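These notes are about the structure you will find just below.
Chains as they are written, first to last, in the numbering used here: chain A, 34 to 397; chain B, 116 to 340.
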């Protein structure tokens, strides 16, 4: 069991809602804060960095208190040892690339040593040739590389990334994501990423926290959030497009069988929330993410949760296709959304398989 | 014809602008950083000299720093001279008259320094004082220069407040604009023309400087976009 290196539990009254955050980060972990714009995610980072002051709470990092309202302690941003990467880079426009990096080193290194360090850091982001250029002469991707390096150069205990890629186009995002992951191992610094992009948060972080209107909806390892969302809201936010009301008709050691009227199917599920398992028969919500549903070309004997379907609509994408299907003969029902890498259909109706270990159930 | 009024005006405007600058830079910074209602109110108050008639302003100053006032007496004890009817009095008067132009230009420039840049600098461990010198001032220098240019021109051209506080003593407190008036009244058209021409030239130089600054700002803005 690893120890928490970062803890933040605080309240802050904002203009339109109250921010109530409760986060824990263990040694070697990275966290993604996921939420729509205006949900309080950037404000959370600002409070952690000491740029805004919560009314109440405690923030600690690597055994140091950064903020403690009971003791009236509030460390200024200068003393927090926190690196911050802003959405719009926040490079100093009147300083060259090298000077921007140098600004982060000025308090720790002098003279030749500083120069050598700057050179080494610029090499790391492949910008040595741009050392004497001004930020305005760089592309967006190059600017964000400098901003990342500048934040890391000061050797922070925690890095905060505030939607760092949202101003970049898709191609550069991938490149920057790779850089962040490389920094994670080479500089060994934990980070908190704020984004509204599930894919990005999933790719870069171990843990995810979903916030809405300043409140934490769910915090946990990313796989758990995807596979075991605790509420409908979270389920929708992690992309579980298929949600049905159902009734638990029997329970086993951990899972059970759920009848779903919308599909007219009895579905086997491997794990049920405790509340649903003990109170059977009870109402539950059953869900599955579009990528977890499996399209079969025909029936497979012995496989549970399999039924014939018809495809009523499809959207073809570059990487995968989105299919909207309904159980055979139930065209007027709500469509099931599935994501397949590409499909070829025979003459027989296709079958849909909803793997029992991929289905999740919610009680609220 | 004497050049003393020109020399005096330049001297008075120089010290008036300097005095204003020393007060305006920290005040402008405070106005952009703190949003306490009292500070906001004080911020609005700095525009007052622009709206009050210069003679009224001069009258208040006379009451405030005259020989009967506490400030005036303290000054007299320290220097052995009176503040009123001296060139230093003219500096004070024109400094206050030109102050709104100076502070509004600087405040405007400083409020355009992105809070993210200041936050970034502080998070890199630099003291607020260091951040002010290395980030805030360099990024608002154009605003400061344009404020200085405007304030200098305004200070140089002041008539009402300066006349009230420093009087019209030829060779001592008779600045350009007062000398123009004086020459006019005594029928010395040549002197009046000459002085008016110089004043106009200074005004045009200031305008040209401001124009160049603005062009440069636009140019850099385009580059940043």
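Built from N, CA and C at the ideal position, the CB exists for glycine as well. Treat the numbers as computed from the prediction; the structure is a model and nothing was measured.
Just list the residues that DSSP pairs residue 299 (chain A) with in beta bridges. A:292
Below 8 Å, how does it come out for the segment 175 to 188 of chain B and the segment 251 to 260 of chain B: are there three or more Cβ pairs, yes or no? no
Any Cβ of chain B within less than 8 Å of the Cβ of residue 136 (chain A)? yes
For residue 316 (chain A), does the three-state DSSP call read helix, strand or coil? strand
Roughly how many whole angstroms lie between the Cα atoms of residue 165 (chain A) and residue 186 (chain A)? 18 Å
Take the Cβ of residue 194 (chain B) as the centre, count every other Cβ of all protein chains shown within 10 Å, and call the residue buried at 16 or more, exposed below. exposed
Considering only residues of the same chain and omitting the five flanking positions on each side of residue 50 (chain A), which have a CB-CB separation below 6 Å? 246, 247
Going by DSSP in three states, residue 204 (chain B) sits in which element: helix, strand or coil? helix
Are there three or more Cβ pairs, one per stretch, closer than 8 Å when the segment 148 to 159 of chain A is compared with the segment 118 to 137 of chain A? yes
State the CB to CB distance for the pair residue 234 (chain B) and residue 281 (chain B), rounded to an integer number of angstroms; the pair is presumed to be in contact (CB under 8 Å). With 8 Å as the limit, residue 234 (chain B) and residue 281 (chain B) do not qualify as a contact, their Cβ atoms being about 46 Å apart.
Expressed to the nearest angstrom, what Euclidean distance is found between the alpha-carbon atoms of residue 130 (chain B) and residue 243 (chain B)? 29 Å
Answer yes or no: do residue 127 (chain B) and residue 212 (chain B) have a C-beta to C-beta separation smaller than 8 Å? no
Buried versus exposed call for residue 351 (chain A) [16 or more other C-beta atoms within 10 Å across all chains shown]: exposed
Could you say which of A:276, A:250, A:286, A:285 lies nearest to residue 321 (chain A) if we only look at CA atoms? A:276
For residue 131 (chain B), which of helix, strand or coil comes out of DSSP? helix
Would you say residue 238 (chain B) lies against chain A (beta-carbon separation less than 8 Å)? yes
Residue 339 (chain B), buried or exposed, once every other Cβ within 10 Å from all chains shown has been counted against 16: With a pLDDT of 48 at residue 339 (chain B), under the threshold of 50, the modelled position of that residue is not reliable, and the figure given next carries that caveat. Classification for residue 339 (chain B): exposed.
Residue-chain proximity (residue 127 (chain A), chain B), Cβ-Cβ < 8 Å: yes
Please classify residue 144 (chain B) as buried or exposed, where buried requires at least 16 other C-beta atoms within 10 Å of its C-beta. buried
Taking all protein chains shown into account, do 16 or more other C-beta atoms lie within 10 angstroms of the C-beta of residue 89 (chain A), making it buried, or fewer, making it exposed? exposed
So with Cβ pairs under 8 Å, would you call residue 80 (chain A) a contact of chain B? no
With a CB to CB cut of under 8 Å and the five nearest residues on each side skipped, what residues in its chain are close to residue 384 (chain A)? 328, 329, 330, 331, 332, 333, 339, 340, 341, 342
Alpha-carbon to alpha-carbon, residue 347 (chain A) and residue 375 (chain A): 11 Å
Quick test of the definition: if touching needs 3 or more C-beta pairs under 8 Å, does the segment 226 to 237 of chain A touch the segment 56 to 70 of chain A? yes
Residue 339 (chain B) - DSSP class collapsed to helix/strand/coil: Confidence at residue 339 (chain B) is low in this model, with a pLDDT of 48, below 50, so its placement is unreliable and no value can be given for it.
Contact residues within the segment 212 to 228 of chain B, judged by C-beta distance below 9 Å to chain A: none
Say whether chain A places a C-beta atom closer than 8 Å to the C-beta of residue 339 (chain B). The pLDDT assigned to residue 339 (chain B) is 48, lower than 50, so where the model puts this residue is not dependable, and the model offers no usable value.
Pick out whichever of B:313, B:261, B:296, B:229 has its Cα sitting closest to the Cα of residue 220 (chain B). B:261
Using a Cβ cut-off of 8 Å (strictly closer), state whether residue 260 (chain B) contacts chain A. no
Which of helix, strand or coil does DSSP assign to residue 210 (chain A)? helix
Under the rule that 16 or more other beta-carbon atoms within 10 Å means buried, what is residue 157 (chain B), buried or exposed? exposed
Leaving aside the five residues before and after residue 120 (chain B) along the sequence, list all residues of the same chain whose C-beta is less than 7 Å from its C-beta, in chain order. 289, 290, 291, 294, 310
DSSP three-state label for residue 301 (chain B), please. coil
Just to make sure I have the definition right: I need the residues of chain B whose C-beta is within less than 8 Å of the C-beta of residue 117 (chain A). Which are they? 234, 235, 238
What is the residue span of the beta strand (DSSP E) that residue 93 (chain A) lies within? 89 to 94
In chain order, what residues of the same chain have a beta carbon less than 8 Å from the beta carbon of residue 182 (chain B), not counting five sequence neighbours either side? 188, 191, 197, 199
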